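Enquirer:
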Amino acid sequence: MKELIRPYLPRLAGAGLLAAGTELAGVALLATATFLLVRAAQQPPLSALTVAIVAVRALAIGRGTLRYTERLAGHDAALRVLTEVRARVYARLAARPDTAPAYRSGDLLSRLVSDVDAVQDLLLRCAVPAGAAALAAIAAVSVAVLVAPAGGLALAAGLVAAGVVLPALAFALARRTADRVAPLRAAFAVDAVDLTYGVADLAAYGATGAALAAAAGRAAELSTVERRLAAAAQAVDAAGVLVSGVTAAAVAVFALRGHASGVATAVLTVGALAAVEACLGLVGSARRWVEIRASLRRVSELLRAPEEPERTGDLPLAGPVTLALERVSVRYAAGHPAALSTVDLLVQPGHRVAVVGPSGAGKSTLLRVLAGLLDPDGGRVTANGRDLAAYRRADLPAAVTGLLADAHVFHASVRENLALGRPGATDAQLRAALAAAGLLDWLDAPPAGLDTIAGEDGGLLSGGQRQRLALARAVLADPAVLLLDEPTEGLDPHAADRVLADVLVAAGTAGVVLVTHRLVGLESLDDIVVLDCGAIVQRGTHAQLLAEPGWYRDTVGPRVRRAGVRAPADAPAD
Ligand code: ATP
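Going by the numbering used here, the final residue of the sequence shown carries number 780, and the count climbs one at a time with no gaps.
1. Should residue 176 be listed as close to ligand 1, given that the test is whether its C-beta is under 7 Å from any heavy atom?
2. Quick one: what's got a C-beta closer than 8 Å to residue 306's C-beta in the same chain, skipping five residues either side?
3. Check whether the segment 707 to 722 touches the segment 534 to 541, taking contact to mean three or more Cβ pairs, one atom from each stretch, closer than 8 Å.
4. Spatial neighbours of residue 741 within its chain, please: C-beta separation below 6 Å, excluding the five flanking residues on both sides.
5. Nearest to residue 363 by alpha carbon, out of 456, 399, 578?
6. Residues bridged to residue 597 by DSSP?
7. Determine the DSSP secondary structure at residue 746, reduced to helix, strand or coil.
8. Ligand 1 and residue 820: does any heavy atom of the ligand fall closer than 7 Å to the residue's C-beta?
9. Extract the residue ranges of the alpha helix (DSSP H) inside the segment 551 to 627, only unbroken runs of 4 or more that lie entirely within it.
10. Starting from residue 691, trace the beta strand (DSSP E) in both directions and tell me its first and last residue.
11. Residue 209 bridges to which residues according to DSSP?
12. By how many angstroms is the C-alpha of residue 601 removed from the C-alpha of residue 525?
13. Taking C-beta to C-beta, are residue 419 and residue 401 nearer than 8 Å?
14. Can we say the segment 654 to 661 touches the segment 687 to 705, given the rule of at least three CB pairs closer than 8 Å?
15. Considering residue 717, what are the terminal residues of the beta strand (DSSP E) in which it resides?
16. How would you label residue 730, buried or exposed, when you count the other beta carbons within 10 angstroms and need 16 or more for buried?
17. Candidates 632, 692, 555: which alpha carbon is nearest residue 563's?
18. Taking 8 Å as the threshold (C-beta atoms), are residue 592 and residue 640 in contact?
19. Less than 7 Å between the CB of residue 605 and some heavy atom of ligand 1, yes or no?
20. Which partner residues of residue 733 appear in the DSSP bridge assignment?
21. Once you ignore the five residues that flank residue 425 on each side, which residues in its own chain have a CB closer than 7 Å to its CB?
22. Going by DSSP in three states, residue 310 sits in which element: helix, strand or coil?
23. For residue 748, is the classification buried or exposed, using 16 other Cβ atoms within 10 angstroms of its Cβ as the cut-off for buried?
24. Pick from 378, 649, 506: whose alpha carbon is nearest that of residue 292?
25. Mind reading off the beta-carbon distance from residue 615 to residue 534? Whole number of angstroms is fine, and I expect it under 8 Å.
26. Quick one: grab the DSSP three-state call for residue 533.
27. Within 8 Å, do at least three Cβ pairs link the segment 252 to 259 to the segment 213 to 232?
28. Let me confirm a value: residue 310 is counted as buried when at least 16 other C-beta atoms fall within 10 Å, else exposed. Which label applies?
29. Using DSSP with H/G/I as helix, E/B as strand and the rest coil, what is residue 305?
30. Pop quiz: residue 431 and residue 386 are said to be a contact at Cβ under 8 Å. What is the actual Cβ separation, rounded to whole angstroms?
31. Thinking residue 834 and residue 678 are a contact (beta carbons under 8 Å), I'd like their distance in whole angstroms, please.
32. Where residue 753 and residue 696 are concerned, what is the direct C-alpha to C-alpha distance, given to the nearest angstrom?
33. CA-CA distance, residue 278 and residue 449?
34. At a threshold of 7 Å, does residue 758 count as lining ligand 1 (C-beta to nearest heavy atom)?
35. Does the beta-carbon of residue 542, which I'm using as the reference point, lie nearer than 7 Å to any heavy atom of ligand 1?
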């Protein structure tokens, strides 16, 4: 973060100087106006007031101009820094989705967006005002000490109270508020989400009343804590008013005791009020600093996360692709069991490979590694005999892709959702992919059509239509290696078999890796790999696996025997 801000420090310093100038012009304006009023009360000749009158006008105009240029310079510098930070953060997120899995869910992602915006507040609402207040305070105290030394010292004490002690108090209170309120707010937000999204289930189980009562209890607790802490914050604000009053009175007393004239005393007193007022702005900055600090910590963590090894290769990856895993291991986090351990797999053009096994065996992880979305901790992934790193990064998604776990359906039309798979596809190509996924009949029946809006994550479609749409997108992409993670999940058994058969035909000469719990029709596949606890425990054709003892025979065998010839079409494996 620091290195992103460093190039813009001169611009920020300029903005700080302009801000200090603005504050000083404000203090001088009040002091000069006071001089004018007090002196005018003594009824001197008008010529004695001319300079003061001109000075008041000049300071009033100058203050406005300085404020405008300060805002311009400050925002210019802050927005330049923000652009750099934003670009870096988005590049990190986009470059490697698995780098920050915690940021992938909507609320955390949107929090990250506001975290990045906090950089702007750091510069404009904390750094620049703090620098400006310090400069203005030093200048004001210097002038006051020259006129009345004791009054100057009283002003210095008031400025320290207003610009250091009260902001420190406000910071401590705001931190306490954040510590106490944040968990309550988070819990309340969870209640709100549960009540909103779970409304049907709560009603079905007669639990709406209890859930509402729990949420109301949490809301009451939250508002009690917030009220108490808000009262403490108001006390700090009131202390600010007290500090400016006491400082002004002390300055007046010391100035008079130091035999300053009545006019000088009035000018010093009002000037002191204005100077303290300028420093009290830091109380707000201190409160904001609490939120900014947390935001900056999260952004810095993301930027500091180890960089993805850069794919430097420039080989094109086109045409038929043979994909191979060689002793590939994956561990999601240190201390966790391996999600994949020493896995070997070969996917040749035109070959159909099924990956089966119990839940949590590592099947989806295997597909993510094949798709280049997850770098293995050990072993290597090759395409046509070369490490994936040797190829142009942009070529990989077109060559190896498909329907991965939890595919997202965008809040856009069916056509736009499909176009993601192949931008610029013709209607004929769209229709062919939709036909393979078994969605064409629905789409051709009014009112549906290619321009039907799918809704947020396909919410306006049925579960089956949503799945078929995601599948059609994978087919339309027409990659050299098609990855399918539970492609027929949510479809009725007969439709599932038909759709899978059509998709395999549509895949043509592409290699296909199919992850499935539906252990039906696997006899037509070239290779079946059984994963368990991240390791391949069996591999072979359907007939070979049925002939040997193991998970496959234990799971599929009884149904094959019951059916007589082939497994029934309606039971998932586990
Ligand atoms: P299922 O058939 O239930 O979909 P799977 O065979 O596809 O399971 P994976 O999703 O590959 O299994 O998960 C393998 C292991 O890795 C599991 O123990 C899982 O808890 C863990 N795992 C998967 N994704 C993550 C992740 N993002 N972070 C941490 N652990 C993960």
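Every residue gets a Cβ at the ideal spot worked out from N, C-alpha and C, and that includes glycine. Since we're looking at a predicted model, the values are computed, not measured.
Expert: According to the structure data:
1. Because residue 176 is not part of the residues shown, which for the chain are 207 to 780, the question remains open.
2. Reliability fails at residue 306, whose pLDDT of 48 lies under 50, so the model's placement of it is uncertain and no value is given.
3. no
4. 547
5. 456
6. 521
7. strand
8. Because the chain is modelled from 207 through 780, residue 820 falls outside the range shown and cannot be assessed.
9. 569 to 576, 602 to 605, 620 to 625
10. 687 to 691
11. Paired residues: none, contrary to the question.
12. 11 Å
13. no
14. no
15. 717 to 721
16. exposed
17. 692
18. no
19. no
20. 559
21. 394
22. Confidence in residue 310 is poor, its pLDDT being 49 and thus under 50, which makes the residue's placement unreliable; the coordinate value appears in the next sentence. In the structure shown, residue 310 sits in coil (DSSP, three-state: anything other than H, G, I, E or B).
23. buried
24. 506
25. Rounded, the Cβ-Cβ distance is 30 Å, inconsistent with contact.
26. strand
27. no
28. Annotation note: pLDDT 49 at residue 310 (below 50); position unreliable, coordinate value reported separately. Residue 310 comes out exposed.
29. Confidence is the limiting factor: at residue 305 the pLDDT is only 48, short of 50, which leaves the residue's position unreliable, though a coordinate-based value still follows. In this structure, residue 305 counts as helix in the three-state DSSP scheme.
30. 5 Å
31. Absent from the structure is residue 834, since the part of the chain shown begins at 207 and ends at 780.
32. 31 Å
33. 32 Å
34. no
35. yes
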